Every structure is written in C-alpha cells, then in structure tokens.
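Heads up, the working numbering is the position in the sequence shown plus 53, with the first residue counted as 1.
Virtual Cβ for every residue (Gly too), placed ideally from N, Cα, C.
In this text the structure is predicted, and so the values were computed from the model without any measurement.
Just below is one structure, and these are the notes that go with it.
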Amino acid sequence: MRGDTGKSAGISGRSRSRRLVTVLGGLALAYGLIAYLGLPALWSHYEQRPSMAANPRVTRSADDIPGDPLNVALFGTEPEIVGAFAAAGFARAGALGLRSDLHIGESVVLDRPDPTAPVSSLYLWGRKQDLAFEQEVGHSADQRHHVRFWRSSDQREDGRPLWLGSATFDRGVGVSHRTGQVTHHISADIDAERDHVFAALTSAGQIVSWFRVTGIGPTLDGRNGGGDRYYTDGEMFVGVLSAENAVQSRSPEELPSPAAITVKSWFFSGLRPLLRATQD
C-alpha cells in the first residue's frame, strides 16, 4: 500500500511538472508571437503613403554601423526645404573641413556662437546627407537642434520629391563610446527633437499637412553609431511643405492614423518621463 501511494505521488508530481513546463512554454510562445509578430504587425502602418514601406529605417555611419534613426520626412523642392528651415529659425550647416572644425572647437571652448557649424556625415543609400540644418541652444555649438536630409526617389503627384530625415539634439561634445573620436553626444529622447522640428516648421507656417508612418519602430534602448542611447515610439512624421514657402495662416491638416497607433503614442507619451529619468 505504501509503495503504491509513493508511486502515485511520484507520478502526480511528474504530471504537475509537465503541466508547468507546458504552461510556461505556452506563455513563452504567446509572448514571442505577440512581441515579435503581433505588435510589430499591428503597429506597422503606411496607409497614407504605401511606397514608404520600402524605405530604410536607420542611417549608417562611415564605418557602416547603424546610426541615428530616421524620424522626419518632408515633401518639397530643395529651395522649399531650405526656405522652410530658414523661416523656422534654422541655419544651414557648413561643410566639414579643417577651418570649420577649428571654428566649432573655438565655439565650444570659448563659448562663442557658430550657427553654421558642420555636422558629421551619416549615410543613406550609400551617400552622405544632401542637406543639414541646425539651431543653436545657448551661446555656442556645444548644444544644438539639428536635422539631416536625404533626397529619395519617391515623389508626390505634383512632382515634388520626398526627403527622409534624421532629427536629433546634440547635448554636448564628448568622446564616441565606440571609436574614441571627439563627437557630439545626442539626447536619448529623439521623439522630442522630431516634435521640435515639426513645431518650428508649423509655427513658421511652412507645413500644409502631415501624417505618421512607421519608422524604426518602438525602441527603448537603441544605440547610434557613437554608442549613444536613444528611445522612441518609432513613428516618423511626414510633412507636405507649402508651395514656394507661402506662409500658411491655418494649422496644418493632420491625416488620421490607425487607432492602435494613437494608443501607442499615448502610452509612449506617458512613458517618456520615466525613460528620461534613466538617460545616460
């Protein structure tokens, strides 16, 4: 009798263990399906511009390391892009070179303005940025808003091309975590810079309409080419510039996004203060 009881208890224990393993395995499978298939599929949307689904999501460094994510885009001619940023209070970044490098070093060390300081080169489709703009914060080039743009082959029905951009905030000069070279470090909250660029262009009356498409996707601990951390809700803002920079007196039209994107954006807006508290 005692032997039968012990045998039953052993079988029962093994059965519970198998059930536990089965449950845990099911939970792991469910997590994998949701995290890697379900939510990315739910949050991927290009309803306003299907052709953008084939675009890159992130830039590359000169060493072919993933760089800053793409988070802004504009439809317009090159003169309209330049004119829009001038109206929004941005200056066009100068070209890299010994003289400009010395000027930016002097600006940072002596706390002097350098509103056209160069930006480092990042690459898309194997070429460096076509345009770059910046807006100083304070009295030197140590901190600045800046955005790079690459002209794509996509264009609107009116023939105006699409420019993909990467907007980040330089929070200070330091040493690259990856290469040891002197560089600017970016602020981790790249959504804040995306929002700033569009707010500045809107305030200047340069955007007629705008919408969202999927960019790099939700990211909590990304790293750029210099090793700087970034986080993002993963959305790219796409704006249509005013023709010939005619100033708009009304707010730009926002084209609707799917409900899931609205919920995700709301969730990330609440999460940003917590993420900001953990910024490097």
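Give me the DSSP bridge partner(s) of residue i.
| i | result |
| --- | --- |
| MET289 | VAL266 |
| ASP223 | ARG197 and ILE239 |
| GLY339 | The chain is shown from 54 up to 333; residue 339 falls before or after that span and cannot be answered. |
| ILE260 | LEU294 |
| GLU246 | Answer by DSSP bridge pairing: none, since GLU246 is not bridged. |
| PRO122 | VAL111 |
Taking only three categories from DSSP, how would you classify residue i?
| i | result |
| --- | --- |
| LEU328 | helix |
| ALA107 | helix |
| SER322 | helix |
| LEU95 | helix |
| LEU175 | coil |
| GLU100 | coil |
| LEU217 | strand |
| ALA299 | coil |
| ALA252 | helix |
Would you kindly check if the distance between the Cβ of residue j and the Cβ of residue i is under 9 Å?
| i | j | result |
| --- | --- | --- |
| SER219 | LEU294 | no |
| ALA137 | ILE260 | yes |
| PRO109 | LEU177 | yes |
| VAL300 | ALA144 | no |
| LEU324 | GLY292 | no |
| PHE222 | ALA245 | yes |
| HIS199 | ALA252 | no |
| LEU175 | ARG197 | no |
| THR285 | GLY275 | yes |
Short of 8 Å in beta carbon distance, which residues of its chain neighbour residue i, apart from the five on each side in sequence? Order them along the chain.
| i | result |
| --- | --- |
| ALA96 | The question names Ala, but residue 96 in the sequence shown is Trp. Contacts found: THR267, GLY270, PRO271, GLY287, ALA313, ILE314 and LYS317. |
| ARG180 | TRP203 |
Just to confirm the assignment, what range does the beta strand (DSSP E) spanning residue i have?
| i | result |
| --- | --- |
| ASP207 | 197-208 |
| ASP116 | ASP116 -> no beta strand (DSSP E), and no H or E assigned at all. |
| GLU189 | 184-189 |
| LEU127 | 125-128 |
For residue i, report the span of its alpha helix (DSSP H) as first-last.
| i | result |
| --- | --- |
| PHE138 | 131-140 |
Please return the same chain residues whose Cβ sits closer than 6 Å to the Cβ of residue i, not counting the five positions on each side in sequence.
| i | result |
| --- | --- |
| VAL125 | GLY218, ALA220, ARG247, VAL250 and PHE290 |
| SER310 | ARG265 |
| SER240 | PHE222 and ARG224 |
So, at 7 Å on beta carbons, what are the nonlocal neighbours of residue i in its own chain, with the 5 sequence-adjacent residues on each side left out?
| i | result |
| --- | --- |
| ALA107 | none |
| LEU90 | Bear in mind that the predicted position of LEU90 carries a pLDDT of just 45, short of 50, making it unreliable; the figure below should be weighed with that in mind. So no residue of the chain qualifies. |
| GLN101 | PHE264, VAL266 and LEU308 |
Can you find a C-beta in chain B that's less than 9 Å from the C-beta of residue i?
| i | result |
| --- | --- |
| GLU246 | Here chain B cannot be found, since the structure has a single protein chain. |
Between residue i and the ligand SAH, is there a pair consisting of the residue's CB and a ligand heavy atom that are separated by less than 8 Å?
| i | result |
| --- | --- |
| ASP242 | By its list of ligands, the structure shown contains no ligand whatsoever, and the ligand SAH lies outside what it can speak to. |
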